[in-house]
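Below: one structure, written as C-alpha cells.
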Amino acid sequence: MKLFAQGTSLDLSHPHVMGILNVTPDSFSDGGTHNSLLDAVKHANLMINAGATIIDVGGESTRPGAAEVSVEEELQRVIPVVEAIAQRFEVWISVDTSKPEVIRESAKVGAHIINDIRSLSEPGALEAAAETGLPVCLMHMQGNPKTMQEAPKYDDVFAEVNRYFIEQIARCEQAGIAKEKLLLDPGFGFGKNLSHNYSLLARLAEFHHFNLPLLVGMSRKSMIGQLLNVGPSERL
Numbered sequence: 001m002k003l004f005a006q007g008t009s010l011d012l013s014h015p016h017v018m019g020i021l022n023v024t025p026d027s028f029s030d031g032g033t034h035n036s037l038l039d040a041v042k043h044a045n046l047m048i049n050a051g052a053t054i055i056d057v058g059g060e061s062t063r064p065g066a067a068e069v070s071v072e073e074e075l076q077r078v079i080p081v082v083e084a085i086a087q088r089f090e091v092w093i094s095v096d097t098s099k100p101e102v103i104r105e106s107a108k109v110g111a112h113i114i115n116d117i118r119s120l121s122e123p124g125a126l127e128a129a130a131e132t133g134l135p136v137c138l139m140h141m142q143g144n145p146k147t148m149q150e151a152p153k154y155d156d157v158f159a160e161v162n163r164y165f166i167e168q169i170a171r172c173e174q175a176g177i178a179k180e181k182l183l184l185d186p187g188f189g190f191g192k193n194l195s196h197n198y199s200l201l202a203r204l205a206e207f208h209h210f211n212l213p214l215l216v217g218m219s220r221k222s223m224i225g226q227l228l229n230v231g232p233s234e235r236l
C-alpha cells in the first residue's frame, strides 16, 4: 500500500512515525515553543533525525477547551512553516487543519496530507480537499474541541467509530476523493474517556477491514498520563 502526493510516494508496507509540530501558543504539551520559523524548522529537523518520516504541522490547538483562531492567523502560522520544511527536507508533511483556505494554501506550498480532526465537515473543506487531490486523514471526534471531554458517552465505542468511518468514506467518495487516498484516525482522546480510549485500542486491528492506513495519535495524551500518573513531558 502506498500514498501518492506532490510527485512522491509513501510506502505503507511498514509503520511510520509522525512528528508533531505545533506552531501555536496554547497546545497542551509544547504551546509557544516553536512559534518562530527558525525554531519550527529546527524542531522539524530534530524529529526527522530521530526517525520521523511525516511532520504534522498544526496552527490551531485542538486541546479540550481550546479557542478557535481566525483563518488569517492560521495561515500566517502554518504556510511559512510548511513551505520551509518542504524546501529543506525530503519528508512528508501533513497539515492539521479544518479550514478550506488553509487546505488549499498548504497544498500549494508542498503539503502531502490533509489531517482534519473534523473530517472535512467545515463549510467548503470537503470541496477544497477534493480540489487538491491530496490524501486526507479522517478522524472520529464526539462533539467539538471545546466540549468534547464533558462526559462523553457511547453504547459501543468501537461500533460507533466504525459506523462513522463508513459514513465519512462514502461522503468523501461522493465528493470525488478516491478511497485509496484516505487514512483513518480513531481519535484517541477526542470525545472519549479513559475506558473508551482503551476499549478502542484493544480493538484497533479490527479497523483494518477498511484496507486503509491507520493514524494513531497517543503520545503525551491523558490516557497515558492517567494510567501512569505522569505529566505531558514524561508521556512519550
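In the UniProt record's numbering, the protein residues as written are 1 to 236. Heads up, the beta-carbon is just placed ideally off N, CA and C, and yes, glycines get one too.
Once the 5 residues before and after residue i are set aside, which same chain residues still bring their CB inside 7 angstroms of it?
i, result
"S9", "K2 and L3"
"A84", "L37 and V41"
"D11", "K2"
"I93", "I55, V57, V82, I85, A86, G110, A111 and H112"
"G217", "D185 and F188"
To which residues does DSSP link residue i through a beta bridge?
i, result
"M18", "I54"
"L37", "Note: L37 sits in no beta bridge, so no partner."
"L10", "L3"
"M139", "D185"
Once you ignore the five residues that flank residue i on each side, which residues in its own chain have a CB closer than 8 angstroms to its CB?
i, result
"P152", "Q142, G143, G191, K192, N193 and H196"
"E150", "G143"
"E173", "K179"
"T97", "G58, G59, E60, E74, V78, I103, S106, I114, N115 and D116"
With C-beta atoms as the reference, is residue i less than 8 angstroms away from residue j?
i, j, result
"residue 237", "L184", "Because the chain spans 1 through 236 in this model, residue 237 falls outside it and cannot be assessed."
"E122", "K99", "yes"
"V136", "I79", "no"
"A175", "L212", "no"
"V82", "S106", "yes"
"G59", "V69", "yes"
"S44", "L75", "It should be noted that the sequence gives Ala, not Ser, for residue 44. The answer is no: Cβ separation not under 8 angstroms."
"V95", "I117", "no"
"residue 262", "V161", "Here the chain has residues from 1 to 236 only, and residue 262 is not among them."
"A5", "L120", "no"
Which of helix, strand or coil does DSSP assign to residue i?
i, result
"M47", "helix"
"F28", "Its pLDDT being 46, under 50, F28 is placed unreliably in this model, and the coordinates cannot settle the point."
Ignore the nearest five residues each way along the sequence and tell me which others in residue i's own chain have a CB closer than 6 angstroms to its CB.
i, result
"V91", "I48 and I55"
"H16", "T53 and I54"
"L215", "C137, L183 and D185"
"G19", "M47, A52 and I55"
"R104", "A128"
"K181", "P135"
"Y164", "H140"
Can you find a C-beta in chain D that's less than 8 angstroms from the C-beta of residue i?
i, result
"S106", "The structure shown has no chain D; it contains just one protein chain."
Review point. What are the uninterrupted segments assigned as beta strand (DSSP E) that are 3 or more residues long and contained completely in the stretch 153 to 233, given in chain order?
Key: Look at the stretch 153 to 233 and you find these whole runs of beta strand (DSSP E), each 3 residues long or longer: 182 to 185.
Exercise for review: For the stretch 62 to 137, list the beta strand (DSSP E) runs that are entirely contained and at least 3 residues long, ordered along the chain.
Suggested key: 92 to 96 and 113 to 116
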